[in-house]
Amino acid sequence: MNILSFDIEEWYIEKMFRAGEQWKYDAYTAMLERLLDLLDSHSTCATFFCLGALAEHFPDVVRRIAARGHEIGCHSLAHKWVNRQTPEEFMADTRKAIDALQNCSGKTVTSYRAPAFSIGKSNIWAFDVLAECGIANDASIFPAVRDFGGFPEFSASQKPCRILTAHSEINEFPITMGRLPVIGRKIAYSGGGYFRLLPLGLVHRLIDKSDYVMCYFHVADLVDFKSRMMTREEYSRYFKAEGTLRNRIVRYLKSNVGRKRTFAGLSDLLDRNRFVSVDEAARQSQSFPQIHLE
72 MNILSFDIEE WYIEKMFRAG EQWKYDAYTA MLERLLDLLD SHSTCATFFC
122 LGALAEHFPD VVRRIAARGH EIGCHSLAHK WVNRQTPEEF MADTRKAIDA
172 LQNCSGKTVT SYRAPAFSIG KSNIWAFDVL AECGIANDAS IFPAVRDFGG
222 FPEFSASQKP CRILTAHSEI NEFPITMGRL PVIGRKIAYS GGGYFRLLPL
272 GLVHRLIDKS DYVMCYFHVA DLVDFKSRMM TREEYSRYFK AEGTLRNRIV
322 RYLKSNVGRK RTFAGLSDLL DRNRFVSVDE AARQSQSFPQ IHLE
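Numbering (our numbering), first residue to last: 72 to 365.
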């Protein structure tokens, strides 16, 4: 089972946290259209996890995706991390985001991914909130330590499962981890920065060895211009952390390295593998192993 997903946020992030430059909006829109054409050429439907705020500020982005037949998932209202909200705040955020996306796209939203993979051991209550909001499928678990999120305690299960809490049940589609040769370290090779950094041949070998892969990309991974380094104020406002020179350099490198070859790499993945959306993967599976979280 290979799942293809995209986190769609760039237009809103550019408007609210950066300079709001028109040429960047145009570049993101052109890449989205190119991406949608690529998926059409491979008869592939993916899940696009969109910010609810996109439906309010850039509704055409959401409508373009929905019109091509892809699943519209929820990626929060305005990219506020779940582990920095109370259950009540998260409930309001999720409901508003889902309503905005459904009204804009005309599609029912049943899949969710948390910004920065910010659901972990400390906020398992988030699954109860998602279930109450009508979410059936979650793709928020990153089974390792990462910046601002991650759920390393979940590493025993790296395949689709059904999470049971004391109050709810929800299907979970975690991020895929693979072990690097020689070094032996497990990494999330199938998307984001690691996909841009690793040799494509290694990614293919890791995918070939796995019977479950969750690929995840951003539009910003695919454009070939480099984002400038954030100012101290921009970093602090967006990440809610100190915008030291070191932090900003690390973020700049993580955001920009390997961008020029990512679209070609994605195209190669589609040539070699069949991918489905989160919703289609859930419908194809009769049952999932159960994992109880308390």
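Each residue gets a CB set at the ideal place from its N, CA and C atoms; glycine is no exception.
| said: Once DSSP output is grouped into helix, strand and coil, what is the label at residue 87? | reply: helix
| task | Give a yes or no on contact between the region 230-239 and the region 270-279, applying the rule of three or more CB pairs nearer than 8 Å. | result | no
| task | Specify the secondary structure class of residue 165 as computed by DSSP and reduced to three states. | result | helix
| field | Residue closest to residue 102, alpha-carbon to alpha-carbon, out of 187, 349, 77, 245 | value | 77
| task | Name the two residues that bound the continuous beta strand (DSSP E) containing residue 285. | result | 284-289
| Residues in its own chain within less than 7 Å of residue 175 by CB, not counting five upstream and five downstream? | Short of 7 Å from the beta carbon of residue 175, and not among the five residues preceding or following it, lie these beta carbons of its own chain, in chain order: 126, 130, 133, 134.
| said: So for residue 192, helix, strand or coil by DSSP? | reply: helix
| query | Exposed or buried, residue 238, counting other C-beta atoms within 10 Å across all chains shown (16 or more means buried)? | reply | Classification for residue 238: exposed.
| query | Where does residue 358 sit, in a helix, a strand or coil, going by DSSP? | reply | In this structure, residue 358 counts as coil in the three-state DSSP scheme.
| Skipping 5 residues on each side, what residues in its chain have a beta carbon closer than 8 Å to that of residue 261? | 246, 247, 249, 274, 277, 278, 284, 285, 286, 287
| Do three or more CB pairs link the region 152-161 to the region 110-126 at distances below 8 Å? | These segments do not touch.
| field | residue 129 in three-state terms, based on DSSP | value | coil
| said: Nearest by alpha-carbon distance to residue 361: which of 351, 241, 338, 354 is it? | reply: 241
| task | Compare the Cα-Cα distances from residue 224 to each of 210, 201, 195 and report the closest residue. | result | 195
| message | Just to confirm the assignment, what range does the beta strand (DSSP E) spanning residue 75 have? | response | 73-79
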